[in-house]
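Asks:
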Amino acid sequence: MLRLDHLCKNFGGLPALSDVSFTVPKGKVTALIGPNGAGKSTLINCITGVLPATSGSVLFKGHEIVNLASHKISALGISRTFQNLRLFPRLSVLDNVMTGLTCEGGHSMIMAMLRLPYLRHRERQLKLRSLEALDYFDLSDKIYWPAEILAYGDKKRVELARAIVGKPDLLLLDEPVAGLNGEETAAVGDQLKLLRRAGHTLMLVEHDMDLVMEIADQVVVLDSGRCIATGTADEVRRNPLVLEAYLGRMEATA
Ligand SMILES: Nc1ncnc2c1ncn2[C@@H]1O[C@H](COP(=O)(O)OP(=O)(O)OP(=O)(O)O)[C@@H](O)[C@H]1O
Ligand SMILES: [Mg+2]
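Take the position in the sequence shown, starting the count at 1, then add 753; the result is the number in this note's numbering.
(1) Taking 8 angstroms as the cut-off, decide whether the C-beta atoms of L879 and L854 are in contact.
(2) For I968, does the count of other Cβ atoms within 10 angstroms reach 16, so buried, or fall short, so exposed?
(3) Taking the beta strand (DSSP E) that T954 belongs to, which residues open and close that run?
(4) Should V958 be listed as close to ligand 2, given that the test is whether its C-beta is under 7 angstroms from any heavy atom?
(5) Under 6 angstroms, CB to any heavy atom of ligand 1. Which residues pass, going along the chain?
(6) I'd like the list of long-range same chain contacts for K762, defined as Cβ closer than 7 angstroms, with 5 residues on each side in sequence excluded.
(7) By the three-class DSSP mapping on this structure, what secondary structure does V930 have?
(8) Just checking D758 against ligand 2 - is the residue's beta carbon closer than 7 angstroms to any of the ligand's heavy atoms?
(9) Excluding five sequence neighbours on each side, which residues of the same chain lie with their C-beta closer than 7 angstroms to the C-beta of R915?
(10) With respect to 7 angstroms, is the separation between the Cβ of D848 and the closest non-hydrogen atom of ligand 2 below this value?
(11) List the endpoints of the continuous beta strand (DSSP E) containing N798.
(12) Would P842 pass as a contact of A900 if the rule is Cβ separation under 8 angstroms?
(13) Does DSSP put K814 in a helix, in a strand, or in coil?
(14) Return yes when at least one heavy atom of ligand 2 lies under 7 angstroms from the C-beta of D927, else no.
(15) Please list the terminal residues of the continuous beta strand (DSSP E) segment that includes Q971.
(16) For R756, collect the residues of the same chain with a Cβ closer than 6 angstroms to its Cβ; drop the 5 residues on either side in sequence, then sort them by chain order.
(17) If distances are taken between C-alpha atoms only, which option among L994, A982, T983 and S977 comes closest to G1027?
(18) For D891 and R833, I'd like the C-alpha separation in whole angstroms.
(19) Whose CA, out of V918, D907, L955 and V989, lies closest to the CA of T938?
(20) Taking the C-alpha atoms as reference points, what is the distance between A904 and K781?
Below, the structure is given as structure tokens:
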């Protein structure tokens, strides 16, 4: 589904990603883990065109997408959530989710102003799909609430609904359960498992190792911008390089 080859990203000459290469298999869940500052969010930002890569290649379904504009990458079938929420605070929950379908509007402003019956029909379809996505994340009773008044856990789930509504081939989630309580984490974990069962390909950045152990088919470990291990959750947990990356970090902050 996705192949990264020697991907590098520098910020002002300092490397945040160095020579990162791995593949994300279709229909599986890949977890991207690593200590704070390892480069996980930077990697997601480079894949989705939010940040330009310095060098290297990103192949998605066989097409080179490195440094394409983010709306083009999204139209090709990659969607994402952000580590720090990016909702439109004044828009309703439903409208926030509908923005995940902007690529599918397929009409000009003049057509929209004419309010053609075809467009009204199309809008109803998009609304129905958004309602389905909201139902999937148990938000049906809050669709007209402005996003800004939602509790944090609900905001995270609105982002997830917006990410899945366009039925992307690849879903990139940057810390989808960070800040959620145990019950909310378990619920989102179940919803992610269902997405995988439905054939979606997922890559998630996650610090919650219980969730990673439970849902990841493959784990990729980044440390200081380098990919230091890939394998099953059990394999990477026993890898001395991974232990050193985490334990070294803990000793440094002790
Ligand atoms: N826009 C930016 N400008 C300059 N440096 C940046 C920028 N974004 C990230 N960095 C640096 O790149 C490195 C990787 O940051 P990144 O946010 O990707 O880490 P992360 O693995 O997502 O960490 P966390 O687990 O804390 O979210 C860090 O040293 C960070 O300070
Ligand atoms: Mg991050």
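Virtual Cβ for every residue (Gly too), placed ideally from N, Cα, C.
Keep in mind the model is a prediction, meaning the values are calculated, not measured.
Replies: In short:
(1) Translated into positions along the sequence shown, residue 879 becomes position 126. Translated into positions along the sequence shown, residue 854 becomes position 101. Yes, they are a contact pair.
(2) Within the sequence shown, the letter at position 215 stands for residue 968. When all chains shown are included, I968 counts as buried.
(3) One-based indexing of the sequence shown puts residue 954 at position 201. The continuous beta strand (DSSP E) containing T954 extends over residues T954 to V958.
(4) As a working note, residue 958 is residue 205 in the sequence shown. Indeed, a heavy atom of ligand 2 lies less than 7 angstroms from the Cβ.
(5) F764, A769, G787, N789, G790, A791, G792, K793, S794, T795 and Q836
(6) Along the sequence shown, one-based indexing puts residue 762 at 9. A769, L770, T795, C799, L804, A806 and T807.
(7) Here residue 930 corresponds to residue number 177 of the sequence shown, with the count starting at 1. Note: V930 maps to coil in three-state DSSP.
(8) Here residue 758 corresponds to residue number 5 of the sequence shown, with the count starting at 1. Checking every heavy atom of ligand 2 against the Cβ of D758, none is found closer than 7 angstroms.
(9) Here residue 915 refers to the residue found at position 162 of the sequence shown. Cβ within range, chain order: N849, V850, T852 and G853.
(10) On the sequence shown, residue 848 is found 95 positions in, with the first residue counted as 1. Checking the Cβ of D848 against ligand 2 gives no.
(11) Along the sequence shown, one-based indexing puts residue 798 at 45. Premise fails: N798 lies in the alpha helix (DSSP H), K793 to I800, not in any beta strand (DSSP E).
(12) As a working note, residue 842 is residue 89 in the sequence shown. As a working note, residue 900 is residue 147 in the sequence shown. A distance below 8 angstroms separates the beta carbons of P842 and A900.
(13) The sequence position of residue 814 within the sequence shown is 61, counting from 1. K814 falls in the coil class under three-state DSSP.
(14) Position 174 of the sequence shown, counting from 1, holds the residue named residue 927. Result yes, Cβ under 7 angstroms from ligand 2.
(15) On the sequence shown, position 218 is the one that residue 971 refers to. Looking at the DSSP string, the run of the beta strand (DSSP E) that includes Q971 is Q971 to D976.
(16) To locate residue 756, count along the sequence shown from 1; it is residue 3. T776 and L812, listed in sequence order.
(17) Since the first and last residues shown for the chain are 754 and 1007, residue 1027 lies out of range.
(18) As a first step, residue 891 must be located in the sequence shown, where it is residue number 138. As a first step, residue 833 must be located in the sequence shown, where it is residue number 80. Answer to the nearest angstrom: the Cα atoms are 19 angstroms apart.
(19) Taking the sequence shown and counting its residues from 1, one reaches residue 938 at position 185. Selected option, being the one with the closest Cα: D907.
(20) The sequence position of residue 904 within the sequence shown is 151, counting from 1. The sequence position of residue 781 within the sequence shown is 28, counting from 1. Each residue's Cα considered, the two are about 30 angstroms apart.
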